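J.: Basically this note's numbering = 1-based index in the sequence shown + 11.
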Amino acid sequence: MLQENPANNDSSLPLITGEQLAYALAPLTSWRIGGVAERFFSPIDIENLSDYLKRLPAHTPLTWLGLGSNVLIRDSGIKGAVICTKNCKQVYQQEDGSFFAQAGVTCAKFARFASKLGFPDAAFFAGIPGTIGGALAMNAGAFGGETWEWVELVTVINRQGHTYTRSLQDYSIAYRSVSPKHPAQLEEAFIGVVFRFPKSSLDGMDKIRELLRKRQQTQPIGTLNCGSVYRNPPGEFAAKLIEACQLKGYRIGDAQISEKHANFIINSGAACAHDVETLMSTIEAKVWDRFGIKLHAEVRILGQK
Ligand SMILES: Cc1cc2nc3c(=O)[nH]c(=O)nc-3n(C[C@H](O)[C@H](O)[C@H](O)COP(=O)(O)OP(=O)(O)OC[C@H]3O[C@@H](n4cnc5c(N)ncnc54)[C@H](O)[C@@H]3O)c2cc1C
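1) With a cut-off of 8 Å, do at least 3 Cβ pairs link the region 107-122 to the region 134-147?
2) Looking at the strands, I want to know which residues DSSP matches up with Q104.
3) Across which residues does DSSP place W161 in a beta bridge pair?
4) Which class does L78 belong to by DSSP, given the choice of helix, strand or coil?
5) Span of the alpha helix (DSSP H) holding Y63?
6) Of all the options P38, K100, A282, which has the alpha carbon lying nearest to the alpha carbon of I263?
7) Determine the contact status of S87 and I219, defining contact as a CB-CB distance below 8 Å.
8) CB-CB under 6 Å to R301, same chain, minus the five flanking residues each way: which ones, in chain order?
9) Pick out whichever of E221, R50, G203 has its Cα sitting closest to the Cα of Y103.
10) Let's see if you can read the secondary structure: which residues bound the beta strand (DSSP E) around G91?
11) Kindly indicate the opening and closing residues of the beta strand (DSSP E) around A281.
12) Residues in the same chain with beta-carbon distance under 6 Å from W75, minus the five sequence neighbours each way, listed in chain order, please.
13) With a threshold of 16 other CB atoms inside 10 Å of the CB of A133, please say whether the residue is buried or exposed.
14) If we ignore side chains and look at the alpha-carbon of each, how far apart do G129 and P191 end up?
15) Tell me V204's beta-bridge partners as DSSP assigns them.
16) From the DSSP output, in three-state form, read off L222 for me.
17) Put L235 into one of helix, strand or coil per three-state DSSP.
18) Tell whether a beta-carbon distance below 8 Å holds between G138 and L235.
19) For A37, count neighbouring Cβ atoms within 10 angstroms of its own Cβ and tell me buried if that reaches 16, exposed if not.
20) Please state the DSSP three-state secondary structure of S23.
21) Suppose the cutoff is 8 Å on Cβ atoms and the five residues either side in sequence are ignored; what does the same chain contact list for K259 look like?
22) For F302, which of helix, strand or coil comes out of DSSP?
23) Just mark Q105 as buried or exposed, buried being the case when its beta carbon has 16 or more other beta carbons within 10 Å.
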């Protein structure tokens with residue numbers, strides 16, 4: 012359900028070239044859920060992004076978006092500027108064999124690109140339906156592979172529009188989590204990455220086909236969802252815990268726990284963010300009551316309550 016936040020329709024906001032006001036975000040998410048962005052901008056390239064940031068009033072809150080495959084945007088929308096990097100899509104192999112990819116390259120495209128050139132360790136990206144920028148922010152991973160395992164360096168942009176190169180040592184990296192070590196980096200976003208993989212004679216495209224087949228068997232492909240809602244607790248599987256609470260198929264409004272994979276919540280029609288959050292509270296309470304385990308959301312919840 013799309014709900015307009017009246018506070019987001021401020022026609023007095025000065026518009027920056029290429030920017031849109033009160034922009035509906037639901038269509039930009041894999042759940043098709045969420046309110047509007049007060050200001051929205053999708054740069055065509057890094058120069059365009061830098062120029063936008065230089066002109067954005069300094070106090071404006073910033074939110075970054077890739078393909079919206081791991082976000083729950085609240086019904087009241089997002090204050091400030093939402094910047095979607097999905098159009099920054101340069102990708103190429105460098106002379107030394109490493110790969111450069113901009114934030115908007117899709118994980119699926121990158122997996123195929125690197126695998127075809129003889130680097131099958133990149134195949135794990137194939138079924139992750141987001142961008143490389145989102146994968147860097149989440150340390151996305153699948154089937155034993157993880158984004159930051161292969162990072163040589165990243166390029167970032169700060170809110171003043173200045174770009175920098177950062178190394179692995181600048182971040183604390185863990186399971187589905189990446190945080191900059193220095194407070195000054197907190198407002199930086201990823202604009203590009205250099206990955207390095209070992210060359211291999213194994214067929215990367217075969218590996219991709221196999222990984223996609225496994226996903227087809229275990230995940231509710233073809234439904235509106237955000238992938239795994241919860242991180243796996245140490246030594247446990249969130250899906251197993253939720254299933255053991257007899258919650259498969261349980262629904263609030265049009266938000267429903269998948270019958271196929273209990274760590275997936277599906278929007279079966281017109282679910283709103285409030286339905287999803289209420290369902291998540293139910294899941295967390297039941298798992299806590301039964302197992303004494305606190306589930307932590309993998310999905311990023313954005314916007315005001
Ligand atoms: C069907 C399905 C299957 C999935 N399977 C997996 C899986 O196997 N493994 C896995 O790890 N994830 C999986 N996911 C979740 C999701 O695809 C990944 O987390 C992905 O990396 C998110 O990328 P995105 O571009 O969609 O990011 P978004 O959802 O748009 O954003 C996610 C977070 O990253 C931030 N962000 C986005 N771009 C940038 C940027 N350029 N700079 C800084 N921050 C940024 C956002 O602010 C937000 O906090 C799945 C999702 C779906 C729908």
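We put the CB at the ideal spot given by N, CA and C, even for glycine. Because the structure is a prediction, the values reported are computed rather than measured.
T.: To lay it out plainly:
1) yes
2) Position 93 of the sequence shown holds residue 104. Beta-bridge analysis with DSSP links Q104 to F110.
3) Here residue 161 is taken as the residue at index 150 of the sequence shown, counted from 1. Partner(s): none; W161 has no beta bridge.
4) Locating residue 78 in the sequence shown gives position 67, counting from the first residue. Here L78 sits in coil by DSSP.
5) Translated into positions along the sequence shown, residue 63 becomes position 52. Unbroken alpha helix (DSSP H) run through Y63: 57-66.
6) Looking up residue 263 in the sequence shown gives position 252. Ranking the options by Cα distance to I263, first place goes to A282.
7) Stepping through the sequence shown from its first residue, residue 87 is reached at position 76. Stepping through the sequence shown from its first residue, residue 219 is reached at position 208. Their beta carbons are not under 8 Å apart, which means S87 does not touch I219 by this criterion.
8) In the sequence shown, the residue the question calls residue 301 occupies position 290. C256, listed in sequence order.
9) On the sequence shown, residue 103 is found 92 positions in, with the first residue counted as 1. The shortest Cα separation from Y103 among E221, R50, G203 belongs to G203.
10) Sequence index remark: in the sequence shown, residue 91 carries index 80 (1-based). 89-95 is the span of the beta strand (DSSP E), which, as asked, contains G91.
11) Sequence index remark: in the sequence shown, residue 281 carries index 270 (1-based). If you look at A281, you'll find it isn't in any beta strand (DSSP E); DSSP assigns it neither H nor E.
12) In the sequence shown, counting from the first residue as 1, residue 75 sits at position 64. Taken in chain order, the residues that qualify are I94, A200.
13) Here residue 133 is taken as the residue at index 122 of the sequence shown, counted from 1. Counting Cβ neighbours within 10 Å, A133 comes out buried, since at least 16 surround it.
14) The residue labelled residue 129 in the question sits at position 118 within the sequence shown. The residue labelled residue 191 in the question sits at position 180 within the sequence shown. Computed Cα separation, rounded: 32 Å.
15) Reading the sequence shown from its first residue, position 193 is the one you call residue 204. Answer is A112, V165.
16) Working through the sequence shown from its first residue, we reach residue 222 at position 211. Here L222 sits in helix by DSSP.
17) Here residue 235 corresponds to residue number 224 of the sequence shown, with the count starting at 1. If DSSP states are grouped into helix, strand and coil, L235 belongs with the strands.
18) As a position in the sequence shown, residue 138 is number 127, starting the count at 1. As a position in the sequence shown, residue 235 is number 224, starting the count at 1. Against a cut-off of 8 Å, the Cβ pair of L235 and G138 comes out as no contact.
19) For the purposes of this step, residue 37 is identified with residue 26 of the sequence shown, where counting begins at 1. Buried, since its Cβ has 16 or more Cβ neighbours within 10 Å.
20) For the purposes of this step, residue 23 is taken as the residue at position 12 of the sequence shown. In the structure shown, S23 sits in coil (DSSP, three-state: anything other than H, G, I, E or B).
21) Here residue 259 refers to the residue found at position 248 when the sequence shown is read from its first residue. Within the same chain, K259 has close Cβ partners I253, I268, S269, E270, A273.
22) Counted from its first residue, the sequence shown places residue 302 at position 291. The answer is helix: DSSP assigns F302 an H, G or I state.
23) As a first step, residue 105 must be located in the sequence shown, where it is residue number 94. Exposed.
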